[in-house]
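Okay, structure first, notes after.
Residue numbers (my numbering): 2 to 486.
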C-alpha cells in the first residue's frame, strides 16, 4: 500500500471528502440552542477530514488488488471452521435457498475458505465474533455495551452551512437520563450529514430512537439548515461503547479480531475508523511474522496484543477506559465523571467502573396481554421528518425476498406472551427499520418479521431483553446500499 505510506500521497489519492474548517458544541433545549464557549477537546476535529466510509473502503480495496490480492465480495461468512490447531477458516453461506430452506434452480452451496490465520473484522456485534467469544469464553471484564447511531444525508440550498463545519449537540430531544447526542457535518456540494446516537441502555422499553432523531431535525437550529432541502440517504449502525475493559481477548489459535469487533472504538470521541485501520495494520504485521515462523498458534499470535500495548492505540484508549461507564447515571453525573477522569488519566473514582449489558436496564411494565396501540406512532411530515419505511427506502436496502429469514427468534412464544406483558415488545421501537411488528392472529399476539427491511444495524441482537433474537448473515450481497455515506 505504497500510495498510503506518506501523508502527502494519502491526501492526494484518498477520497477525503472535506477538511474540517470549524467546529462547535451546542446544548439544545426544545426551542433554543446554547453554544459552549469552548469546544471540548474530544469534539475538536481540526486536522481531520469528513469522509465517506464507503468510498474510503473501496479505495483501500483498490490498493490491495493492485498488490495482487483477491477481494471477494457478496459472500457472507456463515460459520467458523475449526481443526485441532484452532480456527482453520470460514464457511460461507449457501446461495439460492428459498424461505423454506429448499434449493432453488440457482442454488450454490457455501464454500469452505481455509486459511492459516483468519481475521474477524465484522464491525459491532459481528456474528462470527459473537460465536467465537461465546465458544472460547473470550469476553472482557465488562460486557460490551452499545449505542445506536441513526443518520441521514441531505442536499440543502447553498449557504445553509459552511463546507467543513462540524457541530456536535447534547440535550434535546434526549432527556438527561439518556446518554447520547447529535452531529451535523457540512460537506461539499451543499450536502449535510447529520444524525443522533443513543446508548442502548435506557429504561423505557417503548422509547423510539428513530422518532427521537426525527424530532432532532425539527429543532430550530437544525431546521434552518435542512428546510427546503432533500433527503438523499439513510442509514443506521450500532457502535461499541464498552472500551478497554469490554475488549474480548483478540487472539486465538489461527485467528485475530480487529476494529469494532475487538472494541477498538474511542467512546469519548465516538471515533473508530482510525483505530480500526491501525489494528488491521498491527494484525498484518503479526500474521506476516507468524507465517514466516511457521507458527500460527495463539502463543505466537499474542504478539498482536503486545503490539497494541506498545502503540498509540493503547495510549488513546486507556485514557478513556471508563468514559462511557461514567455516564450510566445520566448526563450531569457523566460530565462530572468525565472531568475527574480527565485529571486522573482515565481512572476516575473507580477502576474499572463495572457495568451490565444494556438490555438489563429495561423497566418492567406489568401490562395485560394486550398489544401496545400503534396508531399514534410517529409518521413524519414527508418533507423534514419521515416514518421508518420511508427512511428504509432511502437506505437502498435490497434483500432477496424468497430466502430463509436471517433474524432467528429462538423462542417465539416469549414474544407473544411474556414480552407483551413485561416490556410491550420493544423490538417494535428500537428497530430503526420497521422489521418487527406485533399482530393479532387467531385472537393471540404474534410476532411478524419484515426481514427485507433490515439495514443490518444489529440493534435487535443487542437490545432484545430476552436475548432470543439471533442476527445471522442473509444471502451474500443483500442489505443496505450506503453509497456516499
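Heads up, the beta-carbon is just placed ideally off N, CA and C, and yes, glycines get one too.
* Asked: Using CA coordinates, which residue listed in 430, 330 and 270 is at the minimum distance from residue 375?
  -> Per the Cα distances, 430.
* **For residue 486, the residue or residues it bridges with in DSSP** => Under DSSP, residue 486 forms no beta bridge with any residue.
* Which same chain residues, not among the five before or five after residue 36, have their C-beta less than 7 Å away from its C-beta? -> So the list reads 25 and 27, once near-sequence residues are dropped.
* May I have a chain-ordered list of the beta strand (DSSP E) segments no shorter than 3 residues that lie completely inside the region 139 to 224? => List check, beta strand (DSSP E) in window: 147 to 156, 166 to 172, 181 to 187 and 192 to 200.
* Asked: In this structure, does DSSP put residue 436 in helix, strand or coil?
  -> In this structure, DSSP gives residue 436 a state outside helix and strand, which the three-state scheme calls coil.
* Around the Cβ of residue 158, are there at least 16 other Cβ atoms within 10 angstroms (buried) or fewer (exposed)? -> Per the 10 Å Cβ criterion, exposed.
* With a cut-off of 8 Å on the beta carbons, I'd call residue 251 and residue 305 a contact; round off their distance for me. => With 8 Å as the limit, residue 251 and residue 305 qualify as a contact, their Cβ atoms being about 6 Å apart.
* Asked: Which partner residues of residue 238 appear in the DSSP bridge assignment?
  -> According to DSSP, residue 238 bridges with 150.
* Counting along the chain, where does the alpha helix (DSSP H) carrying residue 70 start and finish? -> It is not in any alpha helix (DSSP H) - residue 70 carries neither H nor E in the DSSP assignment.
* **Residues bridged to residue 272 (per DSSP)** => According to DSSP, residue 272 bridges with 267.
* Boundaries (first-last residue) of the beta strand (DSSP E) holding residue 472 -> Unbroken beta strand (DSSP E) run through residue 472: 470 to 472.
* 8 Å CB neighbourhood of residue 62 in its chain, flanking five on each side removed -> In its chain, beyond the 5 residues on either side, 72 have a beta carbon closer than 8 Å to the beta carbon of residue 62.
* Go through its chain and collect everything with a Cβ distance to residue 130's Cβ below 7 Å, but skip five positions before and after it. => Cβ within range, chain order: 121, 123, 258 and 262.
* When you compare only the Cα positions, how much space is there between residue 18 and residue 453? -> Going from the Cα of residue 18 to the Cα of residue 453 covers about 31 Å.
* Asked: In its own chain, which residues sit with a C-beta less than 8 Å from the C-beta of residue 264, not counting the 5 before and 5 after it?
  -> Answer for residue 264: 141, 145, 241, 243, 244, 245, 247, 248 and 249, listed in chain order.
* To do: Would you check if the distance between the CB atom of residue 206 and the CB atom of residue 424 is smaller than 7 Å?
  => In this structure, residue 424 lies closer than 7 Å to residue 206 by Cβ.
* Nearest-angstrom Cα distance between residue 234 and residue 151? -> Computed Cα separation, rounded: 11 Å.
* **Bridge partner(s) assigned by DSSP for residue 344** => Partner(s): none; residue 344 has no beta bridge.
* Asked: So, residue 237 versus residue 174, is the Cβ gap smaller than 7 Å?
  -> Their beta carbons are not under 7 Å apart, which means residue 237 does not touch residue 174 by this criterion.
* Shortest alpha-carbon distance to residue 292 belongs to which of 268, 420, 256 and 310? -> Looking at the Cα atoms, 256 is the closest of the given residues.
* Through-space distance from residue 433 to residue 451, alpha-carbon basis -> Rounded to whole angstroms, residue 451 to residue 433 spans 12 Å at the Cα level.
* Taking the alpha carbon of residue 350 as the point to measure from, which residue in 357, 356 and 342 has its own alpha carbon closest? -> Among 357, 356 and 342, the Cα nearest to that of residue 350 belongs to 342.
* Asked: Ends of the beta strand (DSSP E) at residue 107?
  -> For residue 107, the uninterrupted beta strand (DSSP E) segment begins and ends at 104 to 109.
* Ordered along the chain, which non-local residues of its own chain (more than five positions away) have a Cβ less than 6 Å from that of residue 5? -> A caution first: residue 5 carries a pLDDT of 38, below 50, which makes its placement in the model too unreliable to give a value.
* Below 7 Å between beta carbons: does that hold for residue 338 and residue 346? -> In this structure, residue 338 sits away from residue 346, with a CB-CB distance that is not shorter than 7 Å.
* Residues sharing a beta bridge with residue 431, DSSP -> Per DSSP, none; premise fails for residue 431.
* From the DSSP output, read off the bridge partner residues of residue 252. => Residue 252 is bridged to 257.
* To do: Kindly list the residues whose CB is nearer than 7 Å to the CB of residue 104, restricted to its own chain and excluding five residues on each side of it in sequence; keep chain order.
  => Same-chain partners within the cutoff: 97 and 98.
* **Alpha-carbon spacing of residue 86 relative to residue 112, whole angstroms** => Distance between the alpha carbons of residue 86 and residue 112: 20 Å.
* Are the CB atoms of residue 254 and residue 298 nearer to each other than 7 Å? -> In this structure, residue 298 lies closer than 7 Å to residue 254 by Cβ.
* Asked: residue 367: buried (16+ other C-beta within 10 angstroms of its C-beta) or exposed?
  -> That one is exposed.
* To do: Starting from the Cα of residue 286, find the closest Cα among 272, 274 and 301 and give me that residue.
  => Comparing Cα-Cα distances from residue 286 to each of 272, 274 and 301, the minimum goes to 301.
* If you run the structure through DSSP and keep just helix, strand and coil, what is residue 3? -> Only weak support exists for where residue 3 lies, its pLDDT of 32 falling under 50; the coordinates are left without a value.
* Bridge partners - residue 394, DSSP secondary structure assignment -> In the DSSP output, where bridge partners are listed per residue, residue 394 has none listed.
* How far does the alpha helix (DSSP H) with residue 413 in it reach, from first residue to last? -> In this chain, the alpha helix (DSSP H) harbouring residue 413 covers 413 to 417.
* **N- and C-terminal bounds of the beta strand (DSSP E) containing residue 79** => If you look at residue 79, you'll find it in the beta strand (DSSP E) that goes 78 to 84.
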